[in-house]
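Colleague: Quick note on our numbering: the sequence shown kicks off at 2 and runs consecutively.
Here it is, the structure in full.
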Amino acid sequence: MAIIFHPRYLDHYQNSYHPESPERLLAINTKLDEERLNREVLTPEPASENDLEKIHTPTHINFIKNVGEGRIDLDTVSHEETFEIALLACGGALLAADNSFFERKPAMGLLRPPGHHAGADYCGGFCYFNNIALAAQHLLDKVKRVAIVDIDVHHGNGTSDIFCKRKDVLYISTHEWGIFPGTGPVNYVGEGEGEGYTVNIPFPSRTGDMSYTLAWEEIIEPILDQFKPEALLMSVGGDAHYMDPLASLTLSSLGYVSLAEKLIRCAKRFCDGRVSFYLEGGYHTGALADIICGIVGKFYDKETPIFFSEVYDLDTLGRETINELKEIQRRYWKL
Ligand SMILES: [Zn+2]
2 MAIIFHPRYL DHYQNSYHPE SPERLLAINT KLDEERLNRE VLTPEPASEN
52 DLEKIHTPTH INFIKNVGEG RIDLDTVSHE ETFEIALLAC GGALLAADNS
102 FFERKPAMGL LRPPGHHAGA DYCGGFCYFN NIALAAQHLL DKVKRVAIVD
152 IDVHHGNGTS DIFCKRKDVL YISTHEWGIF PGTGPVNYVG EGEGEGYTVN
202 IPFPSRTGDM SYTLAWEEII EPILDQFKPE ALLMSVGGDA HYMDPLASLT
252 LSSLGYVSLA EKLIRCAKRF CDGRVSFYLE GGYHTGALAD IICGIVGKFY
302 DKETPIFFSE VYDLDTLGRE TINELKEIQR RYWKL
């Protein structure tokens, strides 16, 4: 599995007490090294402003380019080097997409800054440009349909807004309901031509492994099966983990690895193994390292040590959400 990483990703910082810190990638890399899983590391070139214009407005690109030192929102700061490193994250996304496409095997983009809260003409929530949306749009030069599955605990409002009126990009998001950014209700299904191609699974607090498994079996896989994407992309945010300090879902490390495995299986079935992963959030460094190494390890048939494997969702707390969503999405899909 190709791992996409650039040393400059470690130079991006918000401020000294911010959870979206370089330590996140350091923890992942340390564990990948310990487990000898850093076998194929690719270093990206920066994306060009022309590339960015595939999904962002020139006004937004110029804003990030010229904002310099300043605060963009309560939690998102800009520094002199932010634009340059954000372009490298976008370049990493393009490389992950290309590598998975041409090599027909999974690629893991260990990117910073993250991207799924950035829309065509806005940013925020620790994001500046939308890495995974750029990768999806880039793949559409080669294929007709791509699907994005976003398992970050926060709704990927940027990704959703960019593609909500399109039928060539299926966007499926599992997220915690009632937290930042407040978007992604169960009854929002996309608009115009894109109606039915947005699938929101907003779970209540404490939902975890059992509900994710049920959602996968009853909603995500059946819809992917019918949509038949030619490439699969996943926004991997480790913040739905029970150890995460920012949110209150209870997915375990093994729960995460199992979701990634299921996606890889789907990719083998209908898109020749073309699947790429893009790091979003995840603020407990141990859990994040567990998750990413677990996923990469599976590719090499290597069991990695998993430290956080408790299952808390024994009552399948998300069942009601899943049933409600099935009723809504039955207008578009056989569920
Ligand atoms: Zn998040």
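Ideal placement from N, C-alpha and C gives every residue a C-beta, glycine not left out.
Are the beta-carbon atoms of Ala134 and Thr160 separated by less than 9 Å?
Modeller: Counted from its first residue, the sequence shown places residue 134 at position 133. Counted from its first residue, the sequence shown places residue 160 at position 159. The answer is yes: Cβ separation under 9 Å.
Colleague: On the DSSP bridge list, what partners appear for Ser101?
Modeller: One-based indexing of the sequence shown puts residue 101 at position 100. Ser101 pairs with nothing; no bridge assigned.
Colleague: Have a look at Gly274, Arg167, Ile292 and flag the residue whose alpha-carbon is nearest the alpha-carbon of Asp240.
Modeller: The residue you call residue 240 lines up with position 239 of the sequence shown. When each option's Cα is compared against that of Asp240, the closest is Ile292.
Colleague: Thinking just about the alpha-carbon of each residue, which of Asn188, Ser206, Gly295 is nearest to the one in Ser310?
Modeller: As a first step, residue 310 must be located in the sequence shown, where it is residue number 309. Comparing Cα positions, the closest option is Gly295.
Colleague: Which of the three DSSP states, helix, strand or coil, is assigned to Ile5?
Modeller: Against the sequence shown, residue 5 aligns to sequence position 4. DSSP places Ile5 in strand when its eight states are reduced to three.
Colleague: CA-CA distance, Asp273 and Met235?
Modeller: Counted from its first residue, the sequence shown places residue 273 at position 272. Counted from its first residue, the sequence shown places residue 235 at position 234. Rounded to the nearest angstrom, the two C-alpha atoms are 16 Å apart.
Colleague: How is the beta strand (DSSP E) around Val78 delimited, first residue to last?
Modeller: By one-based count along the sequence shown, residue 78 stands at place 77. That run of the beta strand (DSSP E) goes 77-79.
Colleague: If I'm right that Ile86 touches Tyr10 with Cβ under 8 Å, what's the distance once you round it to whole angstroms?
Modeller: Looking up residue 86 in the sequence shown gives position 85. Looking up residue 10 in the sequence shown gives position 9. With a Cβ gap of about 7 Å, Ile86 and Tyr10 count as contacting.
Colleague: Considering only the alpha carbon of each residue, which of Glu24, Glu21, Phe6, Asn39 lies closest to Gly298?
Modeller: Within the sequence shown, residue 298 is the residue found at index 297, counting from 1. Selected option, being the one with the closest Cα: Asn39.
Colleague: Given a cut-off of 9 Å, decide if Gly256 and Asp302 are closer than it, judged by their beta-carbon atoms.
Modeller: If you number the sequence shown from 1, residue 302 lands on position 301. If you number the sequence shown from 1, residue 256 lands on position 255. Against a cut-off of 9 Å, the Cβ pair of Gly256 and Asp302 comes out as no contact.
Colleague: Using only the alpha-carbon positions, how far apart do Gly92 and Thr286 sit?
Modeller: Sequence index remark: in the sequence shown, residue 92 carries index 91 (1-based). Sequence index remark: in the sequence shown, residue 286 carries index 285 (1-based). Each residue's Cα considered, the two are about 24 Å apart.
Colleague: With a threshold of 9 Å between beta-carbons, can Ala90 be considered close to chain C, or not?
Modeller: Annotation note: the requested chain C is absent from the structure, which comprises a single protein chain.
Colleague: Suppose you measure from the CA of Leu75 to the CA of Val68; what does that come to, to the nearest Å?
Modeller: On the sequence shown, residue 75 is found 74 positions in, with the first residue counted as 1. On the sequence shown, residue 68 is found 67 positions in, with the first residue counted as 1. C-alpha separation (whole angstroms): 15 Å.
Colleague: Mapping the DSSP letters down to three states, classify Cys128 as helix, strand or coil.
Modeller: Within the sequence shown, residue 128 is the residue found at index 127, counting from 1. Residue state, collapsed to three classes: strand.
Colleague: Can you confirm whether the segment 192-211 touches the segment 121-131 when touching is taken to mean that 3 or more C-beta pairs between the two stretches lie within less than 8 Å?
Modeller: No, because fewer than three Cβ pairs between the segment 121-131 and the segment 192-211 fall closer than 8 Å, the two stretches do not touch.
Colleague: Go ahead and pull the three-state DSSP assignment for Asp142.
Modeller: If you number the sequence shown from 1, residue 142 lands on position 141. Looking at Asp142 - three-state DSSP - the assignment turns out to be coil, as it is neither helix nor strand.
Colleague: So, is Asn158 buried or exposed, given that buried needs 16 or more other C-beta atoms within 10 angstroms?
Modeller: Position 157 of the sequence shown, counted from the start, is the residue given in the question as residue 158. Buried, because 16 or more other Cβ atoms sit within 10 Å of the Cβ of Asn158.
Colleague: Indicate whether Ala90 and Ala3 have their beta-carbon atoms separated by less than 9 Å.
Modeller: Here residue 90 corresponds to residue number 89 of the sequence shown, with the count starting at 1. Here residue 3 corresponds to residue number 2 of the sequence shown, with the count starting at 1. No, Cβ-Cβ distance for Ala90 and Ala3 is not below 9 Å.
Colleague: Gln138: buried (16+ other C-beta within 10 angstroms of its C-beta) or exposed?
Modeller: The residue labelled residue 138 in the question sits at position 137 within the sequence shown. Answer is buried; the Cβ neighbour count reaches 16.
Colleague: Find the nearest neighbour of Asp153 within the set Ile180, Lys143, Ala136, judged by alpha-carbon distance.
Modeller: The residue given as residue 153 occupies position 152 in the sequence shown. If we check each option's Cα against that of Asp153, Ile180 comes out closest.
Colleague: Enumerate in chain order the residues of its own chain whose CB-to-CB distance from Arg266 is below 7 Å, with the five nearest sequence positions on each side excluded.
Modeller: As a working note, residue 266 is residue 265 in the sequence shown. Correct list: empty, nothing qualifies.
Colleague: Mind pulling the alpha helix (DSSP H) runs of 4 or more residues that sit fully within the segment 33-57?
Modeller: If we require 4 residues or more, the alpha helix (DSSP H) runs fully inside the segment 33-57 come out as 50-53.
Colleague: If Pro205 sits next to Leu318, beta carbons under 8 Å apart, how far is it from one beta carbon to the other, in whole angstroms?
Modeller: Numbered from its first residue, the sequence shown carries residue 205 at position 204. Numbered from its first residue, the sequence shown carries residue 318 at position 317. Right, their Cβ atoms sit about 6 Å apart.
Colleague: What do you get for Asn131, buried or exposed, if any count of 16 or more other CB atoms within 10 angstroms of its CB means buried?
Modeller: For the purposes of this step, residue 131 is taken as the residue at position 130 of the sequence shown. Buried is the call here.
Colleague: Thinking C-beta only, is Arg207 closer than 9 Å to Leu250?
Modeller: Locating residue 250 in the sequence shown gives position 249, where the first residue counts as 1. Locating residue 207 in the sequence shown gives position 206, where the first residue counts as 1. The answer is yes: Cβ separation under 9 Å.
Colleague: Between the beta-carbon of Phe103 and the beta-carbon of Leu140, is there less than 9 Å?
Modeller: Numbered from its first residue, the sequence shown carries residue 103 at position 102. Numbered from its first residue, the sequence shown carries residue 140 at position 139. Not in contact: Phe103 and Leu140 (Cβ atoms no closer than 9 Å).
Colleague: CB-CB under 8 Å to Asn16, same chain, minus the five flanking residues each way: which ones, in chain order?
Modeller: Along the sequence shown, read from residue 1 onward, the residue named residue 16 stands at position 15. Only Val78 meet the Cβ criterion.
Colleague: Going straight from the alpha carbon of Tyr189 to that of Asp169, what length do you get?
Modeller: As a position in the sequence shown, residue 189 is number 188, starting the count at 1. As a position in the sequence shown, residue 169 is number 168, starting the count at 1. For Tyr189 and Asp169, the distance between alpha carbons rounds to 17 Å.
Colleague: Quick check on the burial criterion: 16 or more other C-beta atoms within 10 angstroms. Buried or exposed for Asp142?
Modeller: Here residue 142 refers to the residue found at position 141 of the sequence shown. Under this definition Asp142 is an exposed residue.
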